[in-house]
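Asker: Encoded as structure tokens, here's the structure I'll be asking about.
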């Protein structure tokens with residue numbers, strides 16, 4: 067007999083749990099107009115996680131430069147705007163910390179303008195703000211950035227549409243199956259009510275999970291306000307997936 | 385409870401591309417091949433503001449990862465196994481890499497994520513290679529794809545060092561996307 071790991075059928079692997087219905091916006095979310103021509107018309111093909119999906123890039127300190135976690139110190143001068151600390155933990159679906167994992171962020175400046183050639187709305191660029199940051203989670207899954215609170219900005223999705231202030235987050239976890247890109251919003255923002263990108267998330271409790279918590283304990287007196295934003299990636303299945311054995315498997 | 389996914393939006397280009405992003409191996413590496421193609425929307429128009437990411441086994445079919453039950457192996461010198469490339473004004477991405485080896489029970493393949501404005505959750509697909517017709521025939525993932533759509537997952541060899549793999553988000557010839 068040849069061991070199943072050596073040839074033929076694959077080893078038994080613990081894949082990642084699927085998220086409950088309502089966690090994510092449907093790929094076709096008519097309120098967010100850009101989805102119209104960019105969502106697959108065919109249903110996604112459901113496949114169990116195999117080796118390629120339970121592994122993923124483990125991107126270490128080599129990706130980080132000086133001041134990548136402090137968006138207020140990347141230029142000679144300080145950016146305009148309300149200085150804030152954004153911190154939290156990256157966890158898996160069982161509450162275990164995701165350690166040493168790359169967290170990437172990008173955002174508009176205090177006036178709601180991105181340093182991007184296509185962003186032409188009449189609010190000035192800030193010569194002291196790029197709006198891009200990176201860091202790694204620590205052994206307890208914690209991350210922290212210092213930045214400024216981004217401004218809201220208009221877009222053309224619907225009549226008089228404004229994006230609520232937000233920070234984009236990109237996370238890898240430890241597996242291809244855990245890849246997540248999301249946006250963090252600020253508590254109490256009245257613009258959340260009219261934003262189709264947030265409101266296309268069907269489940270109300272899930273929608274609350276993209277809104278940060280004001281964290282008075284982590285404010286820095288006479289320096290910075292603070293917000294806490296935990297990110298939860300998918301957890302592992304309780305039982306492994308057994309590949310059906312091939313006829314030639316042993 | 386997972387954090388909901390949100391679109392990368394129109395300005396991902398300020399935050400996600402890396403200078404060395406498209407290079408899973410350095411230019412000039414023996415055996416390196418380009419994986420390239422155009423991302424198109426439901427009307428066939430190029431998508432100039434998407435990001436394509438690739439993740440794959442090394443040429444021996446191994447991963448430098450602790451969750452591989454065969455054990456993590458260090459990658460070949462200079463090989464990252466992961467690449468990312470924003471699409472250009474013509475919707476084209478380019479990734480330079482080494483061809484993956486077969487993994488247990490699976491034909492050689494590259495896992496792909498497509499992110500972009502109007503894409504609210506990362507779209508996952510796979511690139512297979514035309515030289516491996518027999519292994520592709522036996523691949524358990526291709527096996528669950530309707531036969532008439534399998535060709536959307538097989539790259540076309542354009543020349544000695546280039547494979548073309550277009551991504552059609554919607555409509556005629558729509559690429560197969562997976563719920564992983």
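Protein chains in written order, with my numbering: chain A, 67 to 316; chain B, 385 to 564.
Where is the CB? At the ideal position from N, CA and C, for every residue including glycine.
(1) Given this structure, state the Cα-to-Cα distance separating residue 211 of chain A from residue 120 of chain A, to the nearest angstrom.
(2) With DSSP collapsed to three states, give me the class of residue 203 of chain A.
(3) Could you tell me whether the Cβ atoms of residue 389 of chain B and residue 554 of chain B are closer together than 7 Å?
(4) Between which two residues does the alpha helix (DSSP H) harbouring residue 524 of chain B extend?
(5) I'd like to confirm the pairing. Which residues does DSSP put opposite residue 497 of chain B in its beta bridges?
(6) So what does DSSP say about residue 69 of chain A, is it helix, strand or coil?
(7) Strictly by DSSP, which residues pair up with residue 421 of chain B?
(8) Nearest chain A C-beta to residue 479 of chain B closer than 7 Å, yes or no?
(9) So residue 537 of chain B and residue 510 of chain B are supposed to be a Cβ contact under 8 Å. How far apart are they, rounded?
(10) Out of curiosity, what's the CA-to-CA distance linking residue 116 of chain A and residue 307 of chain A?
(11) Could you tell me whether the Cβ atoms of residue 339 of chain B and residue 406 of chain B are closer together than 7 Å?
(12) Kindly list, in the order they appear in chain B, the residues whose Cβ is closer than 9 Å to that of residue 230 of chain A.
(13) Strictly below 7 Å CB to CB, what residues from chain B border residue 279 of chain A?
(14) Is residue 232 of chain A helix, strand or coil when you go by DSSP?
(15) Spell out whether any CB of chain A is found under 7 Å from the CB atom of residue 535 of chain B.
(16) May I have the straight-line CA-CA distance separating residue 194 of chain A from residue 251 of chain A, to the nearest angstrom?
(17) Would you say residue 211 of chain A reaches chain B, if we count a Cβ-Cβ gap shorter than 7 Å as a contact?
(18) Using 8 Å as the threshold, is the region 172-179 of chain A in touch with the region 139-152 of chain A, meaning 3 or more CB pairs across them?
(19) Roughly how many angstroms separate the alpha carbons of residue 269 of chain A and residue 102 of chain A, rounded to a whole number?
(20) What is the DSSP secondary structure of residue 179 of chain A, counted as helix, strand or coil?
(21) Would you mind telling me which residues of chain B sit closer than 8 Å to residue 256 of chain A, beta carbon to beta carbon, in chain order?
(22) Taking 7 Å as the cut-off, decide whether the C-beta atoms of residue 199 of chain A and residue 137 of chain A are in contact.
(23) Does the region 230-241 of chain A touch the region 485-498 of chain B, meaning 3 or more C-beta pairs lie closer than 8 Å?
(24) Which residues of chain B have a Cβ atom closer than 8 Å to the Cβ of residue 106 of chain A, listed in chain order?
(25) Should residue 215 of chain A go down as buried or exposed, given a rule of 16 or more other Cβ atoms within 10 Å for buried?
(26) If we count Cβ pairs, one from each stretch, closer than 8 Å, do we get three or more for the region 449-465 of chain B versus the region 424-436 of chain B?
(27) Counting along the chain, where does the alpha helix (DSSP H) carrying residue 273 of chain A start and finish?
(28) How long is the line joining the alpha carbons of residue 492 of chain B and residue 96 of chain A, rounded to whole angstroms?
(29) From this set, A:253, A:263, A:89 and A:182, which residue's C-alpha is nearest residue 277 of chain A's C-alpha?
(30) Are the region 225-234 of chain A and the region 257-271 of chain A touching, with three or more C-beta to C-beta distances below 8 Å?
(31) Opposite residue 548 of chain B in the DSSP bridges: which residues?
(32) How should residue 249 of chain A be labelled, buried or exposed, when 16 other C-beta atoms within 10 angstroms of its C-beta is the threshold for buried?
(33) With DSSP collapsed to three states, give me the class of residue 127 of chain A.
(34) Rounding to the nearest angstrom, what Cα-Cα distance links residue 99 of chain A and residue 222 of chain A in this structure?
(35) Rounded to whole angstroms, how far is the Cβ of residue 482 of chain B from the Cβ of residue 415 of chain B, which I believe are closer than 8 Å?
(36) Would residue 196 of chain A be called buried (16 or more neighbouring beta carbons within 10 Å of its own) or exposed?
Answerer: Once the coordinates are examined:
(1) For the purposes of this step, residue 211 of chain A is taken as the residue at position 145 of the first chain. For the purposes of this step, residue 120 of chain A is taken as the residue at position 54 of the first chain. Going from the Cα of residue 211 of chain A to the Cα of residue 120 of chain A covers about 28 Å.
(2) The residue you call residue 203 of chain A lines up with position 137 of the first chain. DSSP places residue 203 of chain A in the coil class of the three-state scheme, outside both helix and strand.
(3) Here the question's residue 389 of chain B lines up with position 5 in the second chain. Here the question's residue 554 of chain B lines up with position 170 in the second chain. Their beta carbons are not under 7 Å apart, which means residue 389 of chain B does not touch residue 554 of chain B by this criterion.
(4) Locating residue 524 of chain B in the second chain gives position 140, where the first residue counts as 1. Where residue 524 of chain B is concerned, the enclosing alpha helix (DSSP H) stretches over 524-527.
(5) As a working mapping, residue 497 of chain B is identified with position 113 in the second chain. Its beta-bridge partners are B:437 and B:508.
(6) In the first chain, the residue the question calls residue 69 of chain A occupies position 3. Note that residue 69 of chain A scores a pLDDT of 36, beneath 50, so its modelled location is shaky and nothing firm can be said.
(7) Within the second chain, the letter at position 37 stands for residue 421 of chain B. According to DSSP, which records beta bridges pairwise, residue 421 of chain B is partnered with B:477.
(8) Translated into positions along the second chain, residue 479 of chain B becomes position 95. Not one chain A Cβ lies under 7 Å of residue 479 of chain B.
(9) Here the question's residue 537 of chain B lines up with position 153 in the second chain. Here the question's residue 510 of chain B lines up with position 126 in the second chain. Contact holds; Cβ gap of about 6 Å.
(10) Here residue 116 of chain A refers to the residue found at position 50 when the first chain is read from its first residue. Here residue 307 of chain A refers to the residue found at position 241 when the first chain is read from its first residue. A direct Cα-Cα distance of roughly 8 Å separates residue 116 of chain A from residue 307 of chain A.
(11) For chain B, the structure presents residues 385 to 564; residue 339 of chain B sits outside this window and is missing.
(12) Numbered from its first residue, the first chain carries residue 230 of chain A at position 164. Neighbours of residue 230 of chain A on chain B: none; closest Cβ ~12 Å, over 9 Å.
(13) Counted from its first residue, the first chain places residue 279 of chain A at position 213. Near residue 279 of chain A there are no residues of chain B at all, since even the closest Cβ is about 13 Å away, more than 7 Å.
(14) Reading the first chain from its first residue, position 166 is the one you call residue 232 of chain A. Looking at residue 232 of chain A - three-state DSSP - the assignment turns out to be strand.
(15) Counting from 1 along the second chain, the entry for residue 535 of chain B is found at position 151. No, residue 535 of chain B does not count as interfacial toward chain A.
(16) The residue you call residue 194 of chain A lines up with position 128 of the first chain. The residue you call residue 251 of chain A lines up with position 185 of the first chain. Going by the C-alpha atoms only, they are around 23 Å apart.
(17) For the purposes of this step, residue 211 of chain A is taken as the residue at position 145 of the first chain. Closer than 7 Å: no.
(18) yes
(19) Counting from one through the first chain, the residue named residue 269 of chain A turns up at place 203. Counting from one through the first chain, the residue named residue 102 of chain A turns up at place 36. Rounded to whole angstroms, residue 269 of chain A to residue 102 of chain A spans 21 Å at the Cα level.
(20) One-based indexing of the first chain puts residue 179 of chain A at position 113. In the structure shown, residue 179 of chain A sits in coil (DSSP, three-state: anything other than H, G, I, E or B).
(21) As a position in the first chain, residue 256 of chain A is number 190, starting the count at 1. Those within 8 Å of residue 256 of chain A in chain B number zero; the least Cβ separation is about 19 Å.
(22) To locate residue 199 of chain A, count along the first chain from 1; it is residue 133. To locate residue 137 of chain A, count along the first chain from 1; it is residue 71. For residue 199 of chain A and residue 137 of chain A, yes; Cβs fall inside 7 Å.
(23) As far as the Cβ criterion goes, the region 485-498 of chain B does not touch the region 230-241 of chain A, which means the pair count is below three.
(24) Residue mapping note: residue 106 of chain A aligns to position 40 of the first chain, counting from 1. Per Cβ cutoff of 8 Å: 507, 553, 554, 558, 559 and 561.
(25) Within the first chain, the letter at position 149 stands for residue 215 of chain A. Counting the other CB atoms within 10 Å of its CB gives residue 215 of chain A a total of 16 or more, which places it among the buried residues.
(26) no
(27) The sequence position of residue 273 of chain A within the first chain is 207, counting from 1. Element bounds for residue 273 of chain A: 270-274.
(28) As a working note, residue 492 of chain B is residue 108 in the second chain. As a working note, residue 96 of chain A is residue 30 in the first chain. Residue 492 of chain B and residue 96 of chain A have their C-alpha atoms some 37 Å from each other.
(29) Here residue 277 of chain A is taken as the residue at index 211 of the first chain, counted from 1. Of A:253, A:263, A:89 and A:182, the residue nearest in Cα terms is A:253.
(30) yes
(31) Numbered from its first residue, the second chain carries residue 548 of chain B at position 164. Bridge partners of residue 548 of chain B: B:420 and B:540.
(32) Here residue 249 of chain A corresponds to residue number 183 of the first chain, with the count starting at 1. By the 10 Å Cβ count, residue 249 of chain A comes out buried.
(33) Start at 1 with the first residue of the first chain, and residue 127 of chain A comes out as number 61. Residue 127 of chain A falls in the helix class under three-state DSSP.
(34) The residue given as residue 99 of chain A occupies position 33 in the first chain. The residue given as residue 222 of chain A occupies position 156 in the first chain. In a straight line, the C-alpha of residue 99 of chain A is about 9 Å away from that of residue 222 of chain A.
(35) Locating residue 482 of chain B in the second chain gives position 98, where the first residue counts as 1. Locating residue 415 of chain B in the second chain gives position 31, where the first residue counts as 1. That belief holds up - the Cβ atoms of residue 482 of chain B and residue 415 of chain B are roughly 6 Å apart, short of 8 Å.
(36) Sequence index remark: in the first chain, residue 196 of chain A carries index 130 (1-based). By the neighbour-count rule (16 or more Cβ atoms within 10 Å), residue 196 of chain A is buried.
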